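Report on the following structure.
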Amino acid sequence: MIPVLELQNLSVDLPLGGFLTRGGLPILQDVTLSVGRGESVALVGESGSGKTTLARAVMGLQAISGGAVRFDGKAVAGRDGFARLRRDAAMMFQDATASLSPRLTVGYLVTEAFRIHRQPLPDPARTARELLATVGLPPAIAHRYPHELSGGQARRVGVARALALRPRLVIADEPTAGLDVSVQAEVLNLMADLRRDMGLAYLIITHNLAVVRHVADRIVVLYLGRVVEEGPTAEVFAAPAHPYTASLIAAEPKPDPRKRRADLAIRGEVPSILRRPKGCEFHTRCPLARDVCRLTAPDLRPTTSGRLARCHFADQHQE
Amino acid sequence: MGMTVVLEVQNLSVAYAMPGGALQAVRDVSLSVARGEVLGIMGESGCGKSTLAAAMINLLPPAARVGQGAVRLNGTDMLRLAPAAQRALRGRSVAMVFQDPMTAFNPVLTIGQQVADFVGAHDASLARPDRLAAMLDRVGIPDAARCLGRYPHELSGGMRQRVAIAAALLMQPDVLIADEPTTALDVTMEAQIIHLLRDLRTTFDGAIVIVTHHLGVIAELCDRVAVMYAGEVVEEGPVDAIFHDPQHPYTRALLACDPAVVDPASGRLPTIAGRLPDLTAPPPGCAFEPRCGMALAVCSQPVPRRVPAAGRSVLCHRGAE
Ligand SMILES: Nc1ncnc2c1ncn2[C@@H]1O[C@H](COP(=O)(O)OP(=O)(O)OP(=O)(O)O)[C@@H](O)[C@H]1O
Ligand SMILES: Nc1ncnc2c1ncn2[C@@H]1O[C@H](COP(=O)(O)OP(=O)(O)OP(=O)(O)O)[C@@H](O)[C@H]1O
Ligand code: SF4
Ligand code: SF4
Ligand SMILES: [Mg+2]
Ligand SMILES: [Mg+2]
Chain C
9 MIPVLELQNL
19 SVDLPLGGFL
29 TRGGLPILQD
39 VTLSVGRGES
49 VALVGESGSG
59 KTTLARAVMG
69 LQAISGGAVR
79 FDGKAVAGRD
89 GFARLRRDAA
99 MMFQDATASL
109 SPRLTVGYLV
119 TEAFRIHRQP
129 LPDPARTARE
139 LLATVGLPPA
149 IAHRYPHELS
159 GGQARRVGVA
169 RALALRPRLV
179 IADEPTAGLD
189 VSVQAEVLNL
199 MADLRRDMGL
209 AYLIITHNLA
219 VVRHVADRIV
229 VLYLGRVVEE
239 GPTAEVFAAP
249 AHPYTASLIA
259 AEPKPDPRKR
269 RADLAIRGEV
279 PSILRRPKGC
289 EFHTRCPLAR
299 DVCRLTAPDL
309 RPTTSGRLAR
319 CHFADQHQE
Chain H
46 MGMTVVLEVQ
56 NLSVAYAMPG
66 GALQAVRDVS
76 LSVARGEVLG
86 IMGESGCGKS
96 TLAAAMINLL
106 PPAARVGQGA
116 VRLNGTDMLR
126 LAPAAQRALR
136 GRSVAMVFQD
146 PMTAFNPVLT
156 IGQQVADFVG
166 AHDASLARPD
176 RLAAMLDRVG
186 IPDAARCLGR
196 YPHELSGGMR
206 QRVAIAAALL
216 MQPDVLIADE
226 PTTALDVTME
236 AQIIHLLRDL
246 RTTFDGAIVI
256 VTHHLGVIAE
266 LCDRVAVMYA
276 GEVVEEGPVD
286 AIFHDPQHPY
296 TRALLACDPA
306 VVDPASGRLP
316 TIAGRLPDLT
326 APPPGCAFEP
336 RCGMALAVCS
346 QPVPRRVPAA
356 GRSVLCHRGA
366 E
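These protein sequences, in sequence, are chains C and H. Heads up, the first sequence is in this note's numbering, so the first residue is 9 and it goes up one at a time. Heads up, the second sequence is in this note's numbering, so the first residue is 46 and it goes up one at a time.
Now the structure itself:
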């Protein structure tokens, strides 16, 4: 089966500025991943790992310095190519309320994609009503302005906007950040329903691992702009192959006072992209680092359990 | 544990003046925190957590009006003090850490200048560079002396939050209040700040109040928990009791919809249908009644506060039977 979205060795460099420096600062390096039809893939990693940059590159909002984006099996290139992709793939932004123009009504906002992409919109009011119904909002909301919405309602409006042109793929950047658990559950249920009813595929960017466990079939872990582990969600959670993935899972606070952690799973911060560590880039924080890790960079390789991990000792960490 | 109460909130009500009438953000809340204790305040957005926290440090926004009640710090009612005496207490005896530490800093001054100004306003001797550096070191900032010369934007969110905590602790306050201290951070930084706050308890002998809607943070960090709904504390008790034997239907519903506790194989997540009531006209009976799956006819009547065990309280008609 041809995946909806494929990234092949995608790299993004930020220009360093100054005409004496050639090349740039690598933000994403050789990222290869795919999202199948109707599949839900989660992209996780700490702040600054390159998640938003990846989403922007896929949408054509960020220049690519190497590799390729394929949609429905076809290479996407040029302004027109990405403009077409933005019709079939929609983005839900990180801050739902701030991404909605304050002077436009909800009814206008949910149908805005038709205007941007010059698609026929014979009965805007009716289309708005239908889109709002899809996300479980009453028709009267169409007359409201963004500041008159609750956090959960704003997030639903964001989903409705993303669905306007019946996309095949939705890229959701932190879809539940800042929401109460009750509202978060509503939004996640809605996303699951839409996936079932419309065959939507998702690329979900988040650092909330509890959310990942609920919505993603597969998980891709980024560290300093490189994929360090990839595999089916349940398997990765059961036995992470990369020490970084294990640290992220262990860092998540458990809502049970009887399961308090005695020690920190991961110390220190992500190194600056200006000073990438030599060898394995995770070695400065890795609890299992050995001498070889400081010298030789591991490749992203299949593990014996059939997943991918970028660690010299991936097979030994898994029992 | 010797239970010396440092901060006591008694029958406190706070409202905001609004065109449509007074919005009753905090309604008849009574709470106390002892020395060495960490109290968590949890509940959905808009239920009054930040307003209560601001009242505890006497830092309410101008639109807020205290209707009734008292906030006693070591026995003195802060709300009834003259403004100058209030300012002296704030910072010195009660300190606050906010959600986004960036907004608390001035972007054009170095970290060292700002922390020195902040603590120096209370006690010049605290502003000595060696004492500042020692405190930054204490909260886990590597190369603390150099950090003093940096600007806020040069630090990560987690580091800025550490600086804010260090500045608050320099004053050795009796009460440290942290409103959503980890909400703007990612998982690893959140874990480190939780670890730091827990670690501090062994040397800091004041009380800590944490406001958050992240249940995992409460479970990891707190000794006691107050659950708020529509301006009221609907349940209060030791953290283990709240998580393992919740008695109020709202507490139960809130714990049930956390994806961290739901088995992914079960498919749908539980939700709490409905919304908070209009706080300009809260109902005379139970405010949770329209959303409660266990409501009785009596629930539209004023709700009695039950004490099911020592140190616990529940605001619900049920359970009394
Ligand atoms: N326009 C830019 N100029 C300079 N650096 C940038 C720019 N955009 C991104 N970066 C850098 O690229 C890296 C990746 O950033 P990105 O926003 O993609 O991370 P992220 O994983 O989305 O983080 P978060 O979880 O905080 O949203 C970071 O180190 C960031 O500082
Ligand atoms: N300055 C203000 N003026 C008017 N109303 C306010 C003000 N601050 C808060 N409110 C209202 O008071 C109620 C309680 O707000 P508060 O900020 O205390 O809730 P919260 O529990 O901290 O919510 P969140 O989790 O979203 O921070 C809300 O209805 C809010 O809209
Ligand atoms: S290669 Fe070495 S440093 Fe890198 S993740 Fe594996 S064990 Fe840790
Ligand atoms: S008082 Fe009644 S409506 Fe309110 S929480 Fe208890 S059972 Fe539910
Ligand atoms: Mg991002
Ligand atoms: Mg608040």
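Where is the CB? At the ideal position from N, CA and C, for every residue including glycine. Since the model is a prediction, treat every value here as computed from it, not as a measurement.
In the DSSP assignment, the residues bridged to residue 210 (chain C) are C:48, C:178. The CB of residue 146 (chain C) never comes closer than 7 Å to any CB in chain H; the least such distance is about 12 Å. Counting only unbroken stretches of 4 or more residues, the alpha helix (DSSP H) elements lying wholly within the stretch 193-255 of chain H are 202-215, 232-245, in sequence order. For residue 283 (chain H), the uninterrupted beta strand (DSSP E) segment begins and ends at 277-283.
Sequence-distant Cβ neighbours of residue 281 (chain H) in its own chain, meaning closer than 6 Å and more than five residues away, are 271, 358. Contiguous beta strand (DSSP E) elements confined to the stretch 79-148 of chain C occur at 82-84, 97-100, taking only those with 3 or more residues. Secondary-structure assignment with DSSP links residue 164 (chain H) through no beta bridge to anything.
Against chain H, the beta carbon of residue 190 (chain C) has neighbours under 8 Å at 89, 298, 299, 302, 316, 317, listed in chain order.
Here residue 143 (chain C) really is in contact with residue 198 (chain C); their C-beta atoms are around 6 Å apart, less than 8 Å. Straight-line measurement puts the Cα of residue 131 (chain C) at about 10 Å from the Cα of residue 137 (chain C). In its chain, beyond the 5 residues on either side, 261 have a beta carbon closer than 7 Å to the beta carbon of residue 305 (chain H).
Around residue 306 (chain H), the beta-carbon contacts reaching into chain C at under 7 Å are 263. Interface annotation for the stretch 263-284 of chain H against chain C: 264, 265, 284, criterion Cβ-Cβ distance under 7 Å. Take residue 10 (chain C), set aside five residues on each side of it, and the residues of its chain with a beta-carbon closer than 7 Å to its own are 80, 81, in chain order. Ordered along the chain, residues surrounding ligand 2 are H:61, H:70, H:90, H:91, H:92, H:93, H:94, H:95, H:96, H:106, H:108 [Cβ under 5 Å from any heavy atom]. Not a single heavy atom of ligand 4 lies less than 8 Å from the C-beta of residue 267 (chain H).
Contact residues of the stretch 248-263 of chain H toward chain C are 258, 259, 260, 261, 262, 263 (C-beta to C-beta distance below 8 Å). The beta carbon of residue 218 (chain C) sits closer than 8 Å to the beta carbons of 260 from its chain, once the five residues preceding and following it are set aside; these are given in chain order. Taking C-beta atoms as the reference points, residue 115 (chain H) and residue 160 (chain H) fail to come closer than 9 Å.
A residue is called buried once 16 or more other Cβ atoms fall within 10 Å of its Cβ, and residue 72 (chain H) is buried on that count. At the C-beta level, residue 269 (chain C) and residue 237 (chain H) stay beyond 9 Å of one another. The beta carbon of residue 312 (chain C) lies closer than 6 Å to those of 323 in the same chain, with the five residues before and after it left out. If you look at residue 297 (chain H), you'll find it in the alpha helix (DSSP H) that goes 294-301. Cβ proximity to chain H below 8 Å picks out 215, 216, 217, 218, 219, 221, 222 from the stretch 206-231 of chain C. Contact fails between the stretch 47-66 of chain H and the stretch 235-250 of chain C, because fewer than three Cβ pairs, one in each stretch, are under 8 Å apart. Note on geometry: alpha-carbon atoms of residue 183 (chain H) and residue 238 (chain C) lie some 37 Å from one another. The set of residues with a C-beta under 7 Å from any non-hydrogen atom of ligand 4 comprises H:293, H:294, H:295, H:331, H:333, H:334, H:337, H:339, H:340, H:341, H:344, H:348, H:361, H:362, H:363, given in chain order. Taking a contact as a CB-CB distance under 8 Å, the pair residue 351 (chain H) and residue 364 (chain H) counts as one, their CB atoms being some 6 Å apart. Remark: the C-beta of residue 60 (chain C) is in contact range of ligand 5, defined as less than 8 Å to any heavy atom.
At a cut-off of 9 Å, the C-beta of residue 49 (chain H) has no neighbouring C-beta in chain C.
Residue pairing of residue 274 (chain H) in beta bridges, as defined by DSSP: H:277. At a cut-off of 9 Å between C-beta atoms, residue 274 (chain C) counts as an interface residue with respect to chain H. For residue 231 (chain C), the beta-bridge partners assigned by DSSP are C:234.
Within the DSSP secondary-structure output, residue 69 (chain H) pairs in a beta bridge with H:60.
Contact annotation: residue 252 (chain H) and residue 219 (chain H) have beta-carbon atoms nearer than 9 Å. Contact annotation: in the stretch 335-350 of chain H, no residue has its CB less than 7 Å from a CB in chain C.
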